[in-house]
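Undergrad: Protein chains in written order, with this note's numbering: chain A, 23 to 207; chain B, 1393 to 1481.
Just so it is clear, CB atoms sit at the ideal spot from N, CA and C, and this is done for glycine as well.
Predicted model, so just to flag it, every value in this text is computed and none were measured.
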Amino acid sequence: MKVFSSTCDFDYSWDEVSTANWRKYCPWNDKATHVVGVDTLSRTVDPSTGILRTERLITCNQSAPQWVVTLLGGSTTSHVYEVSYVDPVSKKVTMCSNNLTWSNVLNVRETVTYQPSSSATTQFTQEAKITALCGGWQKIKNKVEEASVERFKENAIIGREGFETVLEMSRRVFGEQRDLEKQKL
Amino acid sequence: MAASIAPECNEIKERYDTCFLKWYSENDHRADSNPEYLRGNTTSNECEELFTKYKKCLNKVLKERGIDTMLEDARKSSSETDSEFLRKS
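1) Mind checking Gly1432(B): buried by the 16 CB within 10 Å criterion, or exposed?
2) Kindly indicate the opening and closing residues of the beta strand (DSSP E) around Ile73(A).
3) Mapping the DSSP letters down to three states, classify Val195(A) as helix, strand or coil.
4) Are the C-beta of Asn129(A) and some C-beta of chain B separated by less than 8 Å?
5) In or out: Thr81(A) buried (at least 16 other Cβ within 10 Å) or exposed?
6) What runs of the beta strand (DSSP E), each 3 residues or longer, lie entirely inside the stretch 85 to 146 of chain A?
7) Given that Ser1475(B) touches chain A, what residues does it touch there, using C-beta distances under 8 Å?
8) Against chain A, does Ile1459(B) count as a neighbour if the rule is that its beta carbon must be under 8 Å from one of theirs?
9) By Cβ distance below 6 Å, which residues in the same chain neighbour Lys53(A) in space, the five residues on each side in sequence not counted?
10) Over what stretch of residues does the beta strand (DSSP E) that includes Leu1478(B) continue unbroken?
11) Return helix, strand or coil for Ser1459(B), following the three-state DSSP convention.
12) With Leu1413(B) as the anchor, note down where its beta strand (DSSP E) starts and where it stops.
13) Skipping 5 residues on each side, what residues in its chain have a beta carbon closer than 8 Å to that of Ser27(A)?
14) Run the CB neighbour count on Arg78(A), radius 10 Å, all protein chains shown included, and call it buried at 16 or more, exposed below.
15) Could you pull out every residue in the same chain whose Cβ sits closer than 7 Å to the Cβ of Ala1398(B), ignoring the five residues on either side in sequence?
16) Using three-state DSSP, classify Lys46(A) as helix, strand or coil.
17) For chain A, find out if any of its Cβ atoms is closer than 8 Å to the Cβ of Ile1404(B); answer yes or no.
18) For Lys1447(B), count neighbouring C-beta atoms within 10 Å of its own C-beta (all shown protein chains included) and say buried if the count is 16 or more, exposed if not.
19) Rounding to the nearest angstrom, what Cα-Cα distance links Lys1445(B) and Lys1455(B) in this structure?
20) Straight-line CA distance for Ser119(A) to Thr1461(B)?
21) For Leu1442(B) and chain A, any beta-carbon pair shorter than 8 Å?
22) Under three-state DSSP, which class holds Asp33(A)?
23) Can you look up Ala1398(B) in the DSSP assignment and give me helix, strand or coil?
24) Is the beta carbon of Ser141(A) sitting closer than 8 Å to the one on Asn121(A)?
Okay, here's the thing in C-alpha cells:
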C-alpha cells in the first residue's frame, strides 16, 4: 500500500467552499474535463445530527499511461463511488471515495475534508491509500502503486487550480445575484 | 453543473441539482441555530419530486450498464465510514 496526502488552504469561507464543492466538476472547471459525469445516487439528512449524507457516482475518462490501461483491461472509462458527509454543526465536509472500476486489481480509497481554518479561509486535506491487488507479482504491484501515486500528485495540483476557478466564479455569480436582488428591493 | 452519465437524464438532473444547490446555499442549515433544517424540513419538500424522477431515469441506465451491481458491492463498505462520520460531533 502507498499513501498520498496533501493539504492546502483556500482563501474562501467554509460556507463558500462547501457550497462550491457541489459544483466542483461544472463547466467552469476547465481542469477537470476528464470527469464526464457526476450523478447523485442518494441524499439524506440525519434528523438527530443534521449531517447531510450524499452518495454520488463519478465517471471519468482517464488518460492513464498506456501500459496501465492495457494491464487493467483496456477501458479508459472509470467509475468512482463517493459518500460525503456535511456536518453543519462542526462545519466539516468529509468525502470518502472508492474506485469501482478495476477494483479487482487496484484499490484506491480517498478521503477529502474541508474545515474552516479561520472565518475567511478553509483548510483542505486529502489522503489517498492505494493498494495493488494483483496476486504475487510484487514488482508489478509496486509499479502500479507508484504510477497511481504519481498520478495523484499531478492531479492534486490540477484539481486545486480547477477548484480555485470554480470558487472565484461562484463568488462572482452569487455577488451578482445579491446585487440584482438588492436592486429589486 | 456536471453532466449525467446518461444524456437522456441531463435535463431532469440539471433541474434537481439547481434545486438542491439553492436549498443548500439559501437554507440556513449551516448556521448553529438552524430551526428549519433540524426540524427535518430538508430537501424532501422542495426537491424530492425532482430527485425521484431523476433517480428513475438514472437507475435504468445504471442497470443497463451493469453499474448497479458494482455499486451494491461498494455500498457494503460504506457502513464503515457511516459509523465514523455520521456520529454527533
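TA: Based on what the coordinates show:
1) The sequence position of residue 1432(B) within the second sequence is 40, counting from 1. Here Gly1432(B) scores only 47 on pLDDT, less than 50, and its place in the model is too uncertain to base an answer on.
2) Residue 73(A) sits at position 51 when you count from the first residue of the first sequence. Bounds of any beta strand (DSSP E) do not take in Ile73(A), whose DSSP letter is neither H nor E.
3) Counted from its first residue, the first sequence places residue 195(A) at position 173. Note: Val195(A) maps to helix in three-state DSSP.
4) Counted from its first residue, the first sequence places residue 129(A) at position 107. So, not an interface residue.
5) As a working note, residue 81(A) is residue 59 in the first sequence. So Thr81(A) ends up on the buried side.
6) Fully enclosed beta strand (DSSP E) runs of 3 or longer: 99 to 109, 114 to 121 and 128 to 138.
7) Sequence index remark: in the second sequence, residue 1475(B) carries index 83 (1-based). Within 8 Å Cβ-Cβ: nothing; Ser1475(B) doesn't reach chain A, min ~11 Å.
8) Sequence index remark: in the second sequence, residue 1459(B) carries index 67 (1-based). Ile1459(B) counts as touching chain A.
9) Position 31 of the first sequence holds residue 53(A). Closer than 6 Å at Cβ, skipping near neighbours: Ile180, Glu183 and Gly184.
10) Numbered from its first residue, the second sequence carries residue 1478(B) at position 86. Neither: Leu1478(B) is in no beta strand (DSSP E) and is coded neither H nor E.
11) To locate residue 1459(B), count along the second sequence from 1; it is residue 67. At residue 1459(B) the sequence reads Ile, which differs from the Ser that was named. Note: Ile1459(B) maps to helix in three-state DSSP.
12) Taking the second sequence and counting its residues from 1, one reaches residue 1413(B) at position 21. That residue, Leu1413(B), is in no beta strand (DSSP E); its alpha helix (DSSP H) goes Asn1402 to Glu1418.
13) For the purposes of this step, residue 27(A) is taken as the residue at position 5 of the first sequence. Excluding positions up to five away in sequence, the list reads Thr147, Gln148, Glu149 and Ala150.
14) Position 56 of the first sequence, counted from the start, is the residue given in the question as residue 78(A). Per the 10 Å Cβ criterion, buried.
15) For the purposes of this step, residue 1398(B) is identified with residue 6 of the second sequence, where counting begins at 1. Same-chain partners within the cutoff: Cys1449, Leu1450 and Val1453.
16) For the purposes of this step, residue 46(A) is identified with residue 24 of the first sequence, where counting begins at 1. Coil.
17) Position 12 of the second sequence holds residue 1404(B). So, not an interface residue.
18) Position 55 of the second sequence, counting from 1, holds the residue named residue 1447(B). Around the beta-carbon of Lys1447(B), 16 or more other beta-carbon atoms lie within 10 Å, marking it buried.
19) Walking along the second sequence from the start, residue 1445(B) turns up at place 53. Walking along the second sequence from the start, residue 1455(B) turns up at place 63. Each residue's CA atom was taken as its position, placing Lys1445(B) and Lys1455(B) some 16 Å apart.
20) As a working note, residue 119(A) is residue 97 in the first sequence. As a working note, residue 1461(B) is residue 69 in the second sequence. In this model, Ser119(A) and Thr1461(B) are separated by some 17 Å (Cα to Cα).
21) Translated into positions along the second sequence, residue 1442(B) becomes position 50. At a cut-off of 8 Å, the C-beta of Leu1442(B) has no neighbouring C-beta in chain A.
22) Here residue 33(A) refers to the residue found at position 11 when the first sequence is read from its first residue. Coil.
23) Along the second sequence, one-based indexing puts residue 1398(B) at 6. Correct three-state label for Ala1398(B): coil.
24) In the first sequence, residue 141(A) corresponds to position 119, counting from 1. In the first sequence, residue 121(A) corresponds to position 99, counting from 1. Result no, Cβ atoms of Ser141(A) and Asn121(A) do not sit closer than 8 Å.
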